[in-house]
Structures are given as C-alpha cells and as structure tokens.
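One structure is given here, and the rest of the page talks about it.
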Amino acid sequence: MNVPTFPTKRKRLELSIAMKKAVCTYKKNHPQASQEAIAAVIQKQFSLDCAPGRATIGDILREEEKWLNVDNERSFRLKSVKHPELDKALLLWNNDKVAHNAPTSDELLIEQAKSFGEKLGIKDMKYSHGWLDKWKNRNGIKVHKSKNNGATTNRKRNVQQKR
C-alpha cells in the first residue's frame, strides 16, 4: 500500500545579529560570493541545522549598513528605545559617576532617571527595577557591591562607548 508523503514544513530559522553581521562581513570580503555560498558558510560557521534561505540572505544584505553598525550582537532583534533622550542622559550621568569613582546604586539610578524624565517632560514612564535592569543590559552596565562600606559602585563592562 502506497502512503502519500507530504513535504515537511521547513523550520523557521532565526538569525542573531552576530550572524547577520557575519553575512554582511563575508559578502564585503567576498563580493563575488553567491547568496547560496554565503548561506553555506554561515551554516558551517554557526553550526546551524540548516542553511538560511537565499531570500533571508538577500534581505540581510539589503540592510547591510544597519547590521554592520549594531553594537549588541547577543540579541536577535533590534528594538528601539521609547525615550532615547532619557536613555542617553542617564548614560552620560552614569559615565560621569564612573569616571569620578562615585558610588551609585539602582535606587540612585532610578531617582536620577525620574529627575531627567521630569525635565524632559516624559509622563508615560514607569521607572521600575525591570526597566532599570533592561537599561543596564542595553548599556553594558553592572552594579557591583563594594566590600568595604556596603556602597555600590558602577563599572562598565565595555569601557569604550561606540555611541
């Protein structure tokens, strides 16, 4: 008895920003490479189960500049910040504190964010610890406990800012 075989649906392959950056870099270094060849290289380089589709490679290459200029390679999507001016102001304030070895804490960062938000006229913001954790992750900031006096100090994971 012949049982009809149905084609299996291809599994969706989500590429990280690092992978998209690798696609663009490879194409830049090998301008004659076909999209199929690039897909095969990416599959091998990142140990993927299957190669990205030709259309996916084409979509990535169409936005080459965008992917080459992204700093955070760990994530899979680019998300824009709701209030970039607040983000930047708090980052500059934090960098100044770090440069002067001034102690800071999550509470102090939230308090300062509220102050900047007020000055910028931001009314739809909840300055929660969840928001602060995401802000710190976005900007590569860790808050470490100091052993001597219980105060906290901020240290940057990546000292050199690319912004």
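Sequential numbering of the sequence shown, starting at 1, is according to UniProt numbering.
Every residue, glycine too, gets a C-beta built ideally from N, C-alpha and C.
Cβ-based neighbour list, residue i, same chain, cut-off 8 Å, excluding 5 preceding and 5 following
i   : result
K21 : W67, L68, V70 and E73
T25 : L68
Residue j beta carbon less than 7 Å from that of residue i
i    : j    : result
A99  : F116 : no
K27  : L48  : no
I57  : A39  : yes
Y127 : K114 : yes
Three-state secondary structure assigned by DSSP to residue i
i    : result
I122 : coil
P103 : strand
K114 : helix
K79  : coil
Endpoints, the alpha helix (DSSP H) within which residue i is located
i    : result
K66  : E64 to L68
H129 : H129 to R138
N37  : Before going further, note that residue 37 is Ala rather than Asn in the sequence given. Unbroken alpha helix (DSSP H) run through A37: Q35 to Q45.
V23  : I17 to N29
7 Å CB neighbourhood of residue i in its chain, flanking five on each side removed
i    : result
N139 : L91
I122 : H83 and L86
Beta-carbon contacts of residue i that lie in its chain and below 6 Å, excluding the five residues immediately before and after
i   : result
V81 : D87
Does the contact criterion of 3 or more C-beta pairs under 8 Å hold for the stretch 126-144 versus the stretch 105-116? The stretch 126-144, when compared against the stretch 105-116, does touch it at the 8 Å Cβ threshold.
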